[in-house]
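From first to last, the protein sequence lines are chains A and B.
For the first sequence, the UniProt record's numbering gives the first residue as 1, with consecutive numbering after it.
For the second sequence, the UniProt record's numbering gives the first residue as 1, with consecutive numbering after it.
Glycine is no exception: its CB is placed at the ideal position from the N, C-alpha and C atoms.
Okay, structure first, notes after.
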Amino acid sequence: MAVCVAVIAKENYPLYIRSVPTENELKFHYMVHTSLDVVDEKISAMGKALVDQRELYLGLLYPTEDYKKRYGYVTNSKVKFVMVVDSSNTALRDNEIRSMFRKLHNSYTDVMCNPFYNPGDRIQSSRAFDSMVTSMMIQVC
Amino acid sequence: TPLTPPLPSVERAPVVGAGDQNLFTSIYPTLSQQLPREPMEWRRSYGRAPKMIHLESNFVQFKEELLPKEGNKALLTFPFLHIYWTECCDTEVYKATVKDDLTKWQNVLKAHSSVDWLIVVVENDAKKKNKTNILPRTSIVDKIRNDFCNKQSDRCVVLNDPLKDSSRTQESWNAFLTKLRTLLLMSFTKNLGKFEDDMRTLREKRTEPGWSFCEYFMVQEELAFVFEMLQQFEDALVQYDELDALFSQYVVNFGAGDGANWLTFFCQPVKSWNGLTLRKPIDMEKRELIQRQEATLLDLRSYLFARQCTLLLFLQRPWEVAQRALELLHSCVQELKLLEVSVPPGALDCWVFLSCLEVLQRIEGCCDRAQIDSNIAHTVGLWSYATEKLKSLGYLCGLVSEKGPNSEDLNRTVDLLAGLGAERPETANTAQSPYKKLKEALSSVEAFEKHYLDLSHATIEMYTSIGRIRSAKFVGKDLAEFYMKKKSPQKAETYLQGALKNYLAEGWALPITHTRKQLAECQKHLGQIENYLQTSSLLASDHHLTEEERKYFCQEILNFASEQTDSPGHKVVLPMHSFAHLRDLRFTPSNAVVHVGGVLSVEITVCSQMPVPVHMDQIAISVHFSIEKNSYRKTAEWLTKHKTSNGIINFPMETSPFPASQNSLPALELYEMFERSPSDNSLNTTGIICKNVHMLLRRQESSTALDTPSGVALDDGAPVLKCCGVTLEPGANTITFRTQAKEPGTYTLRQLCASAGPVCFVLPHLYPLAQYDVYSQEPQLHVEPLADSLLAGIPQKVKFTVTTGHYTVKNGDSLQLSNVEAMLILCHAENKAVIYSNTREKASDASLRVQSSDKVTSISLPAAPAYHMIEFELEVLSLPSAPAAGGEGESTMLGMTEAQRKPKDTQKADHCMATTDHKVSIECPWSIYSTVIALTFSVPFRTTHAVLSAGTRKYIQVCVQNLSELDFRLSDSDLVDTGDSTDLQLLPLNTKSQQHICSRQSVFFVWELTWTREPPPSLRGRFSMEFRPASEERLSISLKPYTYEFQVENFFTLYTVKAEILPPAGTELCRTGSLCALEVSITRLSDLLEVDRDEALTESDEYFSTKLMYEVVDNSSNWAVCGKSSGVISMPVVAQATHRVHMEVMPLFAGYLPLPDVRLFKYLPHHSAHSSQLDADSWIENDSLSVDKHVDDQLDSSSIKSRGSVHSAASSEHKGLPMPRLQALPPGQVFNSSTGMQILVIPSKDDHVLEVSVT
């Protein structure tokens, strides 16, 4: 179960960020922002290998004390997805995280395909994307 | 004692020795040294990969207690192999003692079902020599084998002279060691396998009540120990990892409500939090606690991690230790929470802090500096975690507050320190031990600060060094918070600014807002008024804040503005964008052009982003004035033409939450690009080019001056448009500025400045550019035809436009037109003028009075204000002046018909009308100079004439061609002879009625010309006709008729030419291909006349003759002229003299063929002056050569000659020779009576091919 889903542009500004519970939004923003350090590190460290293997999933970024795990994913156009997962739910294995990211990626691609969406703009008015993210946040795997 | 657990990595698997103890003691050194020397391949069960291992053993003396009892779980102390040593070589001795001893030993082993044993017989040559009754060497061994090694003869080995240094000894040793290793391994495999099986069975029972994790822990750890002993650290680590995972799973299950009984023990309250202990290989105290099932969760975790750490360090993986440590600490915190274990506040922080430092120090202890520096990424997490924990401890114990800790804080500190217990002995002598650090940090405010700053700075430095800037900034923000608490805002500011810059650059709205809020507080404390106000304005407009917060910050600005009113001079300049947004700007008039003195208004829409209405003292737009050099640019006309906008300028919304780099980039301007090869225009390359690369690839400014107010400069002293006392409501506000234009020029709006007290919000640049123009214009008069061109002869309308400019037209002002003779200004009773404003809006109608006198026509203008236009129309008429038809005179004078003109000329003349220019000078009331206006009138008609002959009768044809777009009615056409010769009479053959002539059409008029005296004189004709536009029924004035004058001479017929073609003799009709006779007769009609007197005339005996040249030409190639086609004849100048020429022609086609042309020329003798002059226009040029060659003699050319094909080589021979000249006879003088005749030609019979040409 994801507690925060963020889509971050190539230039590292947030395209979309949503978290539950909403009252601690700021904390999640800081959390996602700092985790970009690790995302960047991973991309540059295994950049070449990633391209060769077409592996977009970056794996666990790093754990935190409050037991929320952050996972990273990067698209070929260097748009980053960061997901904060409440890992008290240990049933969530790597493969499931992967498939969640893939779903997110598909949905993001749909947003990009919208001719009225200007690439680089915040994703604000996509109901489909919103509901997909909601489903990932509620979903108990 | 075997019960004490051995120290791992020192302890070896026990091999129990029995028998001759002294012997063993002597051999032991060599044995223990040699055994691990060679590796053995260890094949393992469950498909695990085989491994090469070095065996080492711990040799102990046999005791019966050593043998494991049934159900023993201890593996480490398990006797893997029993060896019986004997040196016996004497049968007697063997029988007497050794055999019994062996039997006893074997029985004991059997009783304990131990099957791993070996009997070693050491043979000693020296010993043997001493004995007398020596048996063969093998006998003792054989005996032993016989007695004990039932079918297992390999269980008894011989070792020869083990202490000697001989090859035999060596050999014997090798064989023995191999055997020993093999047996040892066999035993390991068997016993370990059995142990693992037992262990698994035990694990499977974990759901049964009464199962204890701690018991199981001890069993599996036993296995780990053995692996460690075998130096299989990887396998050992796996055992601990399995235990770790099992325990974690239980905790998670417990959290999910599936609790195990044994787990409740781990839920006892935490009483000790002294952190991990990693400096001992095995923490015996904790191990015992686990064994006694008294360990707390932290004890178990600590012990488990310590073991994992030890093994990982053996495996040279210190960075994994760091990584696992962080995970461990996190999960411990979580597990305690999950199990709802009661933990005193701060206890966990202490534990984590100590543990972090312990791990870091442990890693530092086994790595060198360079290694650590290059692996900061692995350790920095621990540093950061420790910093975080120390911070929260500091806050908890009141070490961060300004006043220092209170008694409650102190009590808490004492409790926390108590939980640490005493320092462990292994670190007691270390100065920087985690224990000492924590104790010191909690001891005083100053010590805490020192330690906290040390840690923070180290963490920030580490993060920065590995490029984790964001994390570094985040720690920096914590530090800033600390500094703020410690009342050192100047130190906090740097960190806050750094973090804010980072967030701004990457566009993270929420962190920006949060950090700004902190920064605002910091700046307030620091007394940085401008910065504080700016931050406040940013926050007041920030939608991520609550309404109350925004109002607060807005009020802060307003308070400052109202407080500072008494100290003038000092201004606080802030950028506008945070305060309000200029949305659009609208000029009235919409083209933003006003004349001097005119009123311009500028209406701006400003969206205030403040949460409350804000009263501004003044809103001003500063204006830049520039004088336009080009005076034409200042006219209303030009400005109106070049400014087509609706007067609204929209300013794009700034999207500040995005990073600056994003929104400042312009959109790509892409264009197709084709490159073609210059030779054949084929496509070489194609592509897309970006035209604004220079904009896109610009280096990004590293420091965005988004928050620095110094970037805004106030435009002082410039002219301004002002609006005072405006209250800006939240949202859109409309503000209107009015100005009266003064200096002509261009005014550019530069800055928008809203001020309240000393606070100014400035928008430094208005972009897109907003400009308005003020112009001053000289009065002007324009006269232009209403239609495309003016036609002469009929009334035409001309439009007068008076642009008043700065001049005001008063009543009585008039235009004075000097009259031109040939042009009339038609005055109507009522003339209307229209007055327009300079924006082309109709202002009023007025009447216009036109008065004409002899010389001058005066137009009195209606009164009109400055910068208006007066428009009116007048009718003018260009009179056809006397030489109006003069343009046509040229052809007239020649007396030649139009038919002789080259077609090219005719065509050219078709298109353009003859024109006349009239210049009118006008005196205007605003100027002492008069304006001269040229009007060009076109003559709508073109007239040509021709003389037509019928034998001796003559006709004059006049063709009137209408070149204009109008239709006309023609009437009263007349042709008179102005020569006043009574001999000539003109008889009209035309209709009397009116004739309609459409645009671009012609009308022909014909008169028969008769005369009473022969030869008739020349005719000087004047053609005239009345015309009026067909569209207008009645014209107010009578129009002058159109006239055309011409002269015709020498039109009297002198010769008639008659040609006739006769079929060949004996046939009725001509046939193609057969020769026919061409008879040409040329007849003179009159006696000698005045016109005949020229060079060709020769006189002999009062008998006159002239030379003529004839030529037969067939332009349509119907005929082939056989033989000579031309010749010169001498014609007697006598009436009725006839000359006949006979020629042969051959028809080339069948059908009715027109006869070939016969042309007649006057043949003038050579004249030196004209020797080489040939009429260049004449067709003769081509054919004249034969003329020259065969002068006078009428020699027939024998060849068939086709016209135009002659370019004889002879021409060059005769160049320079005197050449006779040919002169065409005026067409009136020759009448060809056979023109238009045709003759029937039938196809020849034997022609197989019938050629018919259709043209």
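Residues, ordered as in the chain, of the stretch 466-492 of chain B that lie near chain A by beta-carbon distance below 9 Å: Listed in sequence order: I466, G467, R468, I469, R470, S471, A472, K473, F474, K477.
task: With 7 Å as the C-beta to C-beta threshold (strictly closer), list the residues of the stretch 8-29 of chain A near chain B in chain order.
output: Using a CB distance below 7 Å, the part of the stretch 8-29 of chain A facing chain B consists of E11, N12, Y13, P14, E25, L26, H29, ordered along the chain.
task: Ignore the nearest five residues each way along the sequence and tell me which others in residue 1336(B)'s own chain have a CB closer than 7 Å to its CB.
output: In the structure as shown, chain B starts at 1 and stops at 1255, and residue 1336(B) therefore has no counterpart that could be examined.
- prompt: Taking the C-alpha atoms as reference points, what is the distance between H694(B) and I688(B)?
  reply: Those two C-alpha atoms are separated by around 16 Å.
- prompt: Under a three-way DSSP split, which group does Y112(B) fall into?
  reply: Reading the sequence as shown, one finds His at residue 112(B) and not Tyr. DSSP places H112(B) in coil when its eight states are reduced to three.
message: For a test of your reading of the model: does the CB of L313(B) fall under 7 Å from any non-hydrogen atom of the ligand ATP? Yes or no.
response: With respect to small molecules bound, the structure shown includes none, and the ligand ATP cannot be examined in it.
query: Going along chain B, which residues have a C-beta under 9 Å from D86(A)?
result: Within 9 Å Cβ-Cβ: nothing; D86(A) doesn't reach chain B, min ~11 Å.
task: Within the stretch 70-111 of chain A, note down every full beta strand (DSSP E) run reaching 3 residues or more, in order along the chain.
output: Secondary structure in the stretch 70-111 of chain A: the beta strand (DSSP E) runs of 3 residues or longer, each lying completely within the stretch, are 80-86 in chain order.
query: Mind checking T22(A): buried by the 16 CB within 10 Å criterion, or exposed?
result: Classification for T22(A): exposed.
query: How would you write the range of the beta strand (DSSP E) that E1060(B) sits in, first residue to last?
result: Where E1060(B) is concerned, the enclosing beta strand (DSSP E) stretches over 1055-1062.
- prompt: When burial is assigned at 16 or more other CB atoms within 10 Å of the CB, is L545(B) buried or exposed?
  reply: Taking all protein chains shown into account, L545(B) has 16 or more neighbouring C-beta atoms within 10 Å of its C-beta and is therefore buried.
message: For L76(B), would you say it is in contact with chain A, using Cβ-to-Cβ distances shorter than 8 Å as the test?
response: Using beta-carbon distances, L76(B) does not count as an interface residue toward chain A, since no partner is under 8 Å.
query: Buried or exposed: where does K473(B) fall if 16 or more other Cβ atoms within 10 Å of its Cβ makes it buried?
result: Classification of K473(B): buried, given that the 10 Å Cβ count is 16 or more.
task: Name the two residues that bound the continuous alpha helix (DSSP H) containing V32(A).
output: From DSSP, the alpha helix (DSSP H) with V32(A) extends over 25-45.
field: Close Cβ partners of N12(A) (< 7 Å) along its chain, the five nearest in sequence each way excluded
entry: Correct list, in chain order: L36.
- prompt: How would you list, in chain order, the residues of chain E whose beta-carbon sits under 8 Å from the beta-carbon of L360(B)?
  reply: Looking at the structure shown, chain E is missing, and the protein chains on hand are A and B.
query: Would V958(B) pass as a contact of S1002(B) if the rule is Cβ separation under 8 Å?
result: One thing to note: V958(B) has its Cβ no nearer than 8 Å to the Cβ of S1002(B).
message: Between W351(B) and chain A, is any beta-carbon pair separated by less than 8 Å?
response: For W351(B), not one C-beta of chain A is nearer than 8 Å to its own C-beta.
Contact check, A1224(B) vs H1142(B), beta carbons under 8 Å: The Cβ-Cβ distance between A1224(B) and H1142(B) does not fall below 8 Å.
field: Contacts that V104(A) makes with chain B (C-beta to C-beta distance below 7 Å)
entry: First, the amino acid is wrong: residue 104(A) is Leu here, not Val. What L104(A) touches in chain B: nothing, since even the nearest Cβ is about 20 Å away.
Closer than 8 Å to chain B by CB, D94(A): Not flagged as an interface residue toward chain B: D94(A), since no C-beta distance is shorter than 8 Å.
- prompt: Got a sec: is the Cβ-Cβ distance from H514(B) to anything in chain A below 8 Å?
  reply: Look at H514(B): its C-beta is under 8 Å from a C-beta on chain A.
field: Which of helix, strand or coil DSSP assigns to F148(B)
entry: In this structure, F148(B) counts as coil in the three-state DSSP scheme.
- request: Out of S622(B), L539(B), Q618(B), point me to the one whose CA is closest to M610(B)'s CA.
  value: Comparing Cα positions, the closest option is L539(B).
field: As assigned by DSSP and simplified to three states, the class of D121(A)
entry: If DSSP states are grouped into helix, strand and coil, D121(A) belongs with coil.
Euclidean distance between Cα positions of I621(B) and E449(B): Straight-line Cα distance between these residues: approximately 53 Å.
- request: Report buried or exposed for residue 1275(B), applying the criterion of at least 16 other Cβ atoms within 10 angstroms of its Cβ.
  value: Outside the shown range of chain B (1 to 1255) lies residue 1275(B), about which nothing can therefore be said.
field: Candidates P405(B), N591(B), I469(B): closest to V39(A) by CA position
entry: When P405(B), N591(B), I469(B) are compared, the shortest CA-CA separation from V39(A) is found for I469(B).
- prompt: Hey, how far is the Cα of D154(B) from the Cα of G17(B)?
  reply: Spanning the two alpha carbons is a distance of roughly 18 Å.
field: Nearest to L963(B) (by Cα), restricted to the options A846(B), K954(B), S999(B), I928(B)
entry: Nearest option by C-alpha distance: S999(B).
task: Could you tell me whether any Cβ in chain A is nearer than 8 Å to the Cβ of E320(B)?
output: It does not: the Cβ of E320(B) has no partner Cβ on chain A nearer than 8 Å.
- request: Note down the Cα distance separating V802(B) from D967(B), rounded to an integer number of angstroms.
  value: So the two alpha carbons sit approximately 33 Å from each other.
query: If we count Cβ pairs, one from each stretch, closer than 8 Å, do we get three or more for the stretch 364-383 of chain B versus the stretch 299-310 of chain B?
result: A contact is defined here as three or more CB-CB pairs under 8 Å, and the stretch 364-383 of chain B fails this definition with respect to the stretch 299-310 of chain B.
- prompt: Using a Cβ-Cβ distance under 8 Å, would L510(B) count as near chain A?
  reply: A Cβ of chain A is located within less than 8 Å of the beta carbon of L510(B).
query: Would the stretch 480-499 of chain B and the stretch 54-70 of chain A be scored as touching if the rule is three or more Cβ pairs under 8 Å?
result: The stretch 480-499 of chain B is not in contact with the stretch 54-70 of chain A.
message: Is there a C-beta anywhere in chain A that falls below 8 Å from the one on S702(B)?
response: With a pLDDT of 43 at S702(B), under the threshold of 50, the modelled position of this residue cannot be trusted; read the value that follows with caution. Taking Cβ atoms only, chain A never reaches closer than 8 Å to S702(B), which makes this a no.
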